[in-house]
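So the protein sequences, as listed, match chains D and S.
Our numbering puts the last residue of the first sequence at 152; the count rises by one with no breaks.
Our numbering puts the last residue of the second sequence at 135; the count rises by one with no breaks.
The beta carbon of each residue, even a glycine, is placed where N, CA and C say it ideally should be.
Everything numeric in this text was worked out from a predicted model, so none of it was measured.
Notes follow the structure.
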Amino acid sequence: GQQVMQIPQYQHVQEGEDFTTYCNSSTTLSNIQWYKQRPGGHPVFLIQLVKSGEVKKQKRLTFQFGEAKKNSSLHITATQTTDVGTYFCAGPRIGTYKYIFGTGTRLKVLA
Amino acid sequence: EAQVTQNPRYLITVTGKKLTVTCSQNMNHEYMSWYRQDPGLGLRQIYYSMNVEVTDKGDVPEGYKVSRKEKRNFPLILESPSPNQTSLYFCASSSSGSTDTQYFGPGTRLTVL
Numbered sequence: 042g043q044q045v046m047q048i049p050q051y052q053h054v055q056e057g058e059d060f061t062t063y064c065n066s067s068t069t070l071s072n073i074q075w076y077k078q079r080p081g082g083h084p085v086f087l088i089q090l091v092k093s094g095e096v097k098k099q100k101r102l103t104f105q106f107g108e109a110k111k112n113s114s115l116h117i118t119a120t121q122t123t124d125v126g127t128y129f130c131a132g133p134r135i136g137t138y139k140y141i142f143g144t145g146t147r148l149k150v151l152a
Numbered sequence: 023e024a025q026v027t028q029n030p031r032y033l034i035t036v037t038g039k040k041l042t043v044t045c046s047q048n049m050n051h052e053y054m055s056w057y058r059q060d061p062g063l064g065l066r067q068i069y070y071s072m073n074v075e076v077t078d079k080g081d082v083p084e085g086y087k088v089s090r091k092e093k094r095n096f097p098l099i100l101e102s103p104s105p106n107q108t109s110l111y112f113c114a115s116s117s118s119g120s121t122d123t124q125y126f127g128p129g130t131r132l133t134v135l
């Protein structure tokens, strides 16, 4: 079945360092969404990418959707302690309204 | 305030004792969904609903039931809970399904002994 893997599973960085998480789907996605889940919290929507090759920025966060619409990345520049949490990519299975989430990348930022 | 609410937030129960986790949204959303979250597995969709009286299975529906009699409510029913259903459960809603932001409830931590 369709799978969405994220790497790395965990990442510890020093505050101020950059961070990137990669999301890889076994099949084409019609769109991809990114969510952030703080420790003990619930997933919160960050952004949605729809077009092939699309790049979007939110302050220090840069999101990219691959040309083949099978992979995506989230890059954080100059991490801060407020960036701590688990980042998930997610998207609907093609032709359905079923959602599949990536396995998540847990980010720890050391002050 | 726009929100998704879930009750209870925490529940410890025993094998075989039927339980219901409620979910309600006040945003007039058509799409609602249940997920379970387990370490290392991310979130997996249990059931979803496109509208009133329209529900369908997600990836892990075994052992669960849902109903959508009203637009705002989407309860998750475990008729005979088992220990492998111990998990963190999230309800989510969105305006119209696969192209819209999903808003998540606060989660229900369920332990089945």
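Inset, instruction - Using three-state DSSP, classify Asp124(D) as helix, strand or coil. - result: helix
Inset, instruction - Check each candidate in Pro103(S), Tyr69(S), Gly38(S) and name the one with the smallest Cα separation from Thr137(D). - result: Tyr69(S)
Legend entry - One or two residues paired with Asp60(S) in a DSSP bridge: Gly64(S)
Inset, instruction - List the residues of chain D whose Cβ lies closer than 9 Å to the Cβ of Met72(S), in chain order. - result: Tyr138
Inset, instruction - Rank Gln74(D), Gly57(D), Val150(D), Val85(D) by C-alpha distance to the C-alpha of Glu30(D) and give the top, closest one. - result: No answer is possible for residue 30(D): it lies beyond the span of chain D, which begins at 42 and ends at 152.
Legend entry - Amino acids of chain D, ordered along the chain, whose beta-carbon sits closer than 7 Å to that of Pro128(S): His83
Inset, instruction - Can you have a look at Gly62(S) and say buried or exposed, based on whether 16 or more other CB atoms are within 10 angstroms of its CB? - result: exposed
Legend entry - Buried versus exposed, by CB contacts within 10 Å (16 or more), Gln124(S): buried
Inset, instruction - Please check if any C-beta of chain D sits within less than 8 Å of the C-beta of Ser55(S). - result: yes
Legend entry - Contact with chain S by Asn72(D), beta-carbon distance below 8 Å: yes
Legend entry - Proximity test, Cβ basis, 8 Å: Leu98(S) and chain D: no
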